Amino acid sequence: EFAKDSGTLYKAHVMRVLWQYGLSDGMYNTVYRSLFGLRPVRGKILHTPVYETVDTILNLIQECRGVAVLAHPSVYHS
307 EFAKDSGTLY
317 KAHVMRVLWQ
327 YGLSDGMYNT
337 VYRSLFGLRP
347 VRGKILHTPV
357 YETVDTILNL
367 IQECRGVAVL
377 AHPSVYHS
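Here the sequence shown is numbered in this note's numbering, starting from 307 and rising by one per residue.
This is how it looks when you write it as structure tokens:
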């Protein structure tokens, strides 16, 4: 239900359901760390997403006449 609009199930969707049913102490707290881990420690759920290349995404945005915006550049050391 929480992921139906995006078409993709993300970790945040899983955590929202667990939190809604009282099975989590918050979005990114103990339960999140035990399931998904934080670098460099892996959690119980192995999660290795596959991403498109930057060039592919930029070309797609350009084809759709969109505007590419880099959010949180300090995270990516840009």
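Just so you know, even glycine gets a beta-carbon here, dropped at the ideal spot from N, CA and C.
All of these numbers come straight from a predicted model, not from anything done at the bench.
Between the alpha carbons of residue i and residue j, how many angstroms are there, rounded?
i	j	result
Ile367	His378	19 Å
Val320	Ser330	10 Å
Tyr334	Thr359	27 Å
Thr336	Ile363	34 Å
Leu341	Gly328	16 Å
Asp311	Val347	31 Å
Val381	Asn365	23 Å
Once you ignore the five residues that flank residue i on each side, which residues in its own chain have a CB closer than 6 Å to its CB?
i	result
Ala309	Leu315 and His319
In this structure, does DSSP put residue i in helix, strand or coil?
i	result
Arg322	helix
Leu315	coil
Taking Cβ positions, are residue i and residue j nearer each other than 8 Å?
i	j	result
Arg339	Gly349	yes
Can you pull the DSSP bridge partners for residue i?
i	result
Leu366	DSSP output for Leu366 lists no bridge partner at all.
Leaving aside the five residues before and after residue i along the sequence, list all residues of the same chain whose C-beta is less than 7 Å from its C-beta, in chain order.
i	result
Glu369	none
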